[in-house]
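K.L.:
Numbering (my numbering), first residue to last: 13 to 135.
The structure is reproduced here in structure tokens:
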């Protein structure tokens, strides 16, 4: 699978709820070790309506502490956080199927964690 197979695909859960589109894919480098480095694996997806804040790195990232977040002009950071407030982190373990036009996910009873609140550090 290529990352381009995931980006901009609709994310829909088992009940038909639309969670937005995939705007970012989080990878971890902990796969089998080759001659040069460990392989990457997908850790989770960021889904939502807008891409601006995600592309600039202002949306929370799994495993990063508060002091490791993207810094920048506070006005821009506040604006992006407001625009991205509905972005969610979807753990890869909750992905059921990657179709031609959408990603089917299994949604937890209380929904997914907000991306801005920082995603869990382990799947």
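Glycine included, every Cβ here is placed at the ideal spot set by N, Cα and C.
Since we're looking at a predicted model, the values are computed, not measured.
#1: Touching or not, the segment 95-111 and the segment 17-28, by the rule of three or more beta carbon pairs under 8 Å?
#2: Measuring CA to CA, which of 124, 52, 127, 31 is closest to residue 13?
#3: Could you tell me the boundaries of the beta strand (DSSP E) in which residue 1 lies?
#4: If you run the structure through DSSP and keep just helix, strand and coil, what is residue 15?
#5: Output the distance between the C-alpha atoms of residue 17 and residue 44, rounded to the nearest integer angstrom.
#6: Between residue 102 and residue 56, which are expected to be in contact by the criterion C-beta below 8 Å, what is the C-beta distance as a whole number of angstroms?
#7: Would you kindly report the start and end of the unbroken beta strand (DSSP E) that includes residue 61?
#8: Given this structure, state the Cα-to-Cα distance separating residue 31 from residue 40, to the nearest angstrom.
#9: If we count the other Cβ atoms within 10 Å of its Cβ and call it buried at 16 or more, is residue 123 buried or exposed?
#10: So which of 35, 58, 50 has the shortest CA-CA distance to residue 42?
P.N.:
For this structure:
#1: yes
#2: Position 1 of the chain shown holds residue 13. Among 124, 52, 127, 31, the Cα nearest to that of residue 13 is on 52.
#3: Coverage of the chain is limited to positions 13 through 135, which leaves residue 1 absent and any answer about it impossible.
#4: By 1-based counting over the chain shown, the position of residue 15 is 3. Note: residue 15 maps to helix in three-state DSSP.
#5: One-based indexing of the chain shown puts residue 17 at position 5. One-based indexing of the chain shown puts residue 44 at position 32. Roughly 22 Å separates the two Cα atoms.
#6: By one-based count along the chain shown, residue 102 stands at place 90. By one-based count along the chain shown, residue 56 stands at place 44. The pair is a contact, with the Cβ atoms about 6 Å apart (cut-off 8 Å).
#7: Sequence index remark: in the chain shown, residue 61 carries index 49 (1-based). Per DSSP, residue 61 belongs to no beta strand (DSSP E) and is neither H nor E.
#8: Here residue 31 corresponds to residue number 19 of the chain shown, with the count starting at 1. Here residue 40 corresponds to residue number 28 of the chain shown, with the count starting at 1. Using only the alpha carbons, I get a separation of about 23 Å.
#9: As a first step, residue 123 is located in the chain shown; it is residue number 111 there, counting from the start. So residue 123 counts as exposed.
#10: Indexing the chain shown from 1 puts residue 42 at position 30. Residue 50 is the option with its Cα nearest to residue 42.
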